[in-house]
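Protein chains in written order, with the numbering used here: chain A, 388 to 469; chain B, 438 to 850.
See below for the structure under consideration.
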Amino acid sequence: MAFSNDEVLAGLAELITDETGIDASEVALEKSFTDDLDIDSISMMTIVVNAEEKFGVTIPDDEVKNLKTVGDAVSFIVAGQE
Amino acid sequence: MTKRIVVTGIGATSALGGTAPENWANLLAGVSGTHTLTHDWIETYQIPVTFAAEASVRPEEVLPRHEAKRLDPSVQFALIAAREAWEDAGAPEVAPERLGVDWATGIGGLWTLLDAWDTLREKGPRRVMPLTVPMLMPNAGAGNLSLQFGAKAYARSVVSACASSTESIANAFNHLQEGLADVVIAGGAESAIHPITMASFASAQALSRRNDDPEHASRPGAIDRDGFVMGEGGAALVLETLEHALARGAKIYAEIVGGGVSADAHHITANDPTGAGATRAVEQALAQAGAAPDEVTHINAHATSTPVGDPNEYEALKNVFGDRITEIPVSATKASTGHLLGGTGALEAVFTILALRDRVAPPTINMTEPDPAVPFKLSGEPQPLGDGPQLAISNSFGFGGHNAVVAIRSYDG
């Protein structure tokens, strides 16, 4: 089952809200996880674990540091689907 | 010159309610917090004891989801109780380096640990949450409270089973007197109503088996008591030097005047039948208070409703108070709240503080026929404490042979 870009963004926003309490409307593609959304590394790791489960993708540990913005994560997840 | 230490805020969440005032009102009204459990796991695992005293207000009703999911349930209770106490104290202005935390738990992050174990076995290591260890570690209560309130003086955990949170108050008292802080958040919490603890306490014959009458199962001092009832929740006190409290015009509930701690070195679960260790803890608390046993006007007993525990406590108190022990109004509040394990001492301290404020010893419910081996002055109705200065002690004894007693005096200036 492939998710569209919009579905991944919405799903990721849900996970971020769940983890941080940040409103889903704040989660825009250009936002940086650390600088704009103030998400610390351990919350990021938790979001990654949940995203892997939610979207059925694998996000390798050494890839996470390259996912600087919400958009980076969405692209990676969309591309990672079969 | 020793500093005087006072209580300026209280908070509590248990089977009797989600706040300290709610707890107190229900306690005085004789409400029983024990009910049949409706969880699937009772049936699935065939747990022989089917009831407990669950907290009546669930943490998820109070904490936002993103906050709750980072915390083991025992720490959710800790945060709720501590926040209430802090607000009650008027959110004191204090330099971070002068604010400390003395926090207790008995079992700690059991739910987190066992849920993570299930996740590992069912879904593999990649699904195990990164926060698992920070959530299950026994210091999670102290650490999270330190984080919440910016407490930088220290964040110490005390773990002594059922004596834990009384010991945390004794520790806070000593730390304040030693000048380590000016304000301390003290207390404890537990969330251990879990198949594992229920099964293992049941195997140890420690729990009441009154499945057909749970509301009346916890009956300390009664001749037909058959074991304790599992409770859960947490309670917190804001303790402060008198000087600091007066300078900011804080409302003062009572004064902590002593905190006695000792060990039985007798048996890993049974307390010393001679009561020698418990006696020493009481005497220590009174000595710190500069008080003679004759001055004690109220006792909140540990009194878990176990066949052997209740008489052992009586013996210990008889050693200290002599024949007068049958005349001092005693409250065995685990009849109403169940046993909160690591959180019980703090909840009982809250009750003792309010007993002094309102000059009334709370009732001991569920008494059937009093056991002649436990002739405390219990009552099914609130007992008036009369006029004049009040001095109370609250006792807690834990598996491992831990004894902790706090002495609390009414504050009149």
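Just so you know, even glycine gets a beta-carbon here, dropped at the ideal spot from N, CA and C.
This one's a predicted model, so the numbers in the text were calculated from it and none came from an experiment.
Test: A:T421 CB closer than 8 Å to a CB of chain B: If you number the first sequence from 1, residue 421 of chain A lands on position 34. Chain B, which has no Cβ nearer than 8 Å to the Cβ of A:T421, makes this no.
Residue-chain proximity (A:E406, chain B), Cβ-Cβ < 8 Å: For this step, residue 406 of chain A is matched to residue 19 along the first sequence. At a cut-off of 8 Å between beta-carbon atoms, A:E406 makes contact with chain B.
Bridge partner(s) assigned by DSSP for B:L828: Numbered from its first residue, the second sequence carries residue 828 of chain B at position 391. According to DSSP, which records beta bridges pairwise, B:L828 is partnered with B:R846.
Pair within 8 Å by beta-carbon distance, B:P799 and B:P812: As a first step, residue 799 of chain B is located in the second sequence; it is residue number 362 there, counting from the start. As a first step, residue 812 of chain B is located in the second sequence; it is residue number 375 there, counting from the start. Not closer than 8 Å, so no.
Environment of B:H739 [buried if 16+ CB atoms lie within 10 Å]: Numbered from 1 along the second sequence, position 302 holds the residue referred to as residue 739 of chain B. It counts as buried.
Sub-8 Å separation of B:G696 and B:V843 beta-carbons: On the second sequence, position 259 is the one that residue 696 of chain B refers to. On the second sequence, position 406 is the one that residue 843 of chain B refers to. Against a cut-off of 8 Å, the Cβ pair of B:V843 and B:G696 comes out as a contact.
Contact list for B:P496 against chain A, beta-carbon separation under 7 Å: In the second sequence, counting from the first residue as 1, residue 496 of chain B sits at position 59. Within chain A, no residue comes near B:P496; the closest Cβ sits about 16 Å away, beyond 7 Å.
8 Å Cβ shell around B:Q585 - same chain, five flanking residues per side excluded: The residue labelled residue 585 of chain B in the question sits at position 148 within the second sequence. If we look at B:Q585 and ignore the five residues flanking it on each side, its Cβ neighbours are L516, A519, R520.
Distance between B:E692 and B:R535 (C-alpha atoms, nearest Å): By 1-based counting over the second sequence, the position of residue 535 of chain B is 98. By 1-based counting over the second sequence, the position of residue 692 of chain B is 255. The straight-line gap separating the alpha-carbon atoms of B:R535 and B:E692 is approximately 20 Å.
Nearest neighbour of A:V461, chosen from A:A438, A:S428, A:M432 [CA to CA]: Within the first sequence, the letter at position 74 stands for residue 461 of chain A. That would be A:A438, whose Cα lies nearest to the Cα of A:V461.
Chain B residues whose Cβ lies nearer than 7 Å to that of A:P429: In the first sequence, counting from the first residue as 1, residue 429 of chain A sits at position 42. Sequence inspection shows Ile at residue 429 of chain A; the Pro mentioned does not correspond to that position. Chain order gives the chain B residues near A:I429 as P567, L568, where near means a beta carbon separation below 7 Å.
Closest by C-alpha distance to B:N840, when choosing among B:S640, B:L676, B:S511, B:T706: To locate residue 840 of chain B, count along the second sequence from 1; it is residue 403. Of the candidates B:S640, B:L676, B:S511, B:T706, B:T706 places its Cα closest to the Cα of B:N840.
First and last residue of the uninterrupted beta strand (DSSP E) at B:T445: Here residue 445 of chain B refers to the residue found at position 8 of the second sequence. According to the DSSP assignment, B:T445 belongs to the beta strand (DSSP E) that extends over 442 to 450.
Under 9 Å from the C-beta of B:R558: neighbouring residues of chain A: Counting from 1 along the second sequence, the entry for residue 558 of chain B is found at position 121. Listed along chain A, no residue sits closer than 9 Å to B:R558 by beta-carbon distance, the nearest being about 16 Å off.
Partners in chain B for A:V436, counting only beta-carbon separations shorter than 9 Å: On the first sequence, residue 436 of chain A is found 49 positions in, with the first residue counted as 1. Within 9 Å Cβ-Cβ: R563, R564, V565, M566, P567.
Closer than 7 Å at the beta carbon, the chain A residues around B:R502: For the purposes of this step, residue 502 of chain B is taken as residue 65 along the second sequence, with counting starting at 1. The contact set of B:R502 on chain A, defined by CB atoms closer than 7 Å, consists of D405 in chain order.
Residue burial classification, B:T471 (beta-carbon count within 10 angstroms, cutoff 16): One-based indexing of the second sequence puts residue 471 of chain B at position 34. With 16 or more other Cβ atoms within 10 Å, it is buried.
Chain-ordered neighbours of A:T433 on chain B, where CB pairs are closer than 8 Å: Here residue 433 of chain A refers to the residue found at position 46 when the first sequence is read from its first residue. Simply M566, P567, L568.
Where the beta strand (DSSP E) containing B:N737 begins and where it ends: Position 300 of the second sequence, counted from the first residue, corresponds to residue 737 of chain B. 735 to 737 is the span of the beta strand (DSSP E), which, as asked, contains B:N737.
Exposure of B:P558, with buried meaning 16 or more beta-carbon neighbours within 10 Å: Indexing the second sequence from 1 puts residue 558 of chain B at position 121. Residue identity differs from the one stated: residue 558 of chain B is Arg in this sequence, not Pro. That one is exposed.
Residue from B:I762, B:Q721, B:S816, B:D709 with nearest C-alpha to B:V698: Here residue 698 of chain B corresponds to residue number 261 of the second sequence, with the count starting at 1. When each option's Cα is compared against that of B:V698, the closest is B:Q721.
Amino acids of chain B, ordered along the chain, whose beta-carbon sits closer than 7 Å to that of A:E440: Taking the first residue of the first sequence as position 1, residue 440 of chain A is located at position 53. Within chain B, the residues whose beta carbon sits less than 7 Å from that of A:E440 are R564, listed in sequence order.
At least three beta-carbon pairs within less than 8 Å, the region 783 to 802 of chain B to the region 708 to 718 of chain B: In the pairwise beta carbon analysis, the region 783 to 802 of chain B is classified as not touching the region 708 to 718 of chain B: fewer than three pairs are separated by under 8 Å.
According to DSSP, residues forming a beta bridge with B:D709: The residue you call residue 709 of chain B lines up with position 272 of the second sequence. Paired residues: none, contrary to the question.
Buried or exposed (CB count within 10 angstroms, at least 16 for buried), B:P485: As a working note, residue 485 of chain B is residue 48 in the second sequence. It counts as exposed.
Neighbourhood of B:W548 by C-beta, 7 Å cutoff - its chain only, sequence neighbours within 5 removed: Working through the second sequence from its first residue, we reach residue 548 of chain B at position 111. D509, P510, S628, H631, listed in sequence order.
For B:D795, the first and last residue of its enclosing alpha helix (DSSP H): Here residue 795 of chain B is taken as the residue at index 358 of the second sequence, counted from 1. Counting along the chain, the alpha helix (DSSP H) containing B:D795 begins and ends at 781 to 795.
C-beta contact flag for B:V512 and B:S583 at 8 Å: The count along the second sequence starts at 1 and reaches residue 512 of chain B at position 75. The count along the second sequence starts at 1 and reaches residue 583 of chain B at position 146. In this structure, B:S583 does not lie closer than 8 Å to B:V512 by Cβ.
Burial state of B:A729 (16 or more Cβ within 10 Å): For the purposes of this step, residue 729 of chain B is taken as residue 292 along the second sequence, with counting starting at 1. For B:A729, the number of other beta carbons within 10 angstroms of its own is below 16, and it is reported as exposed.
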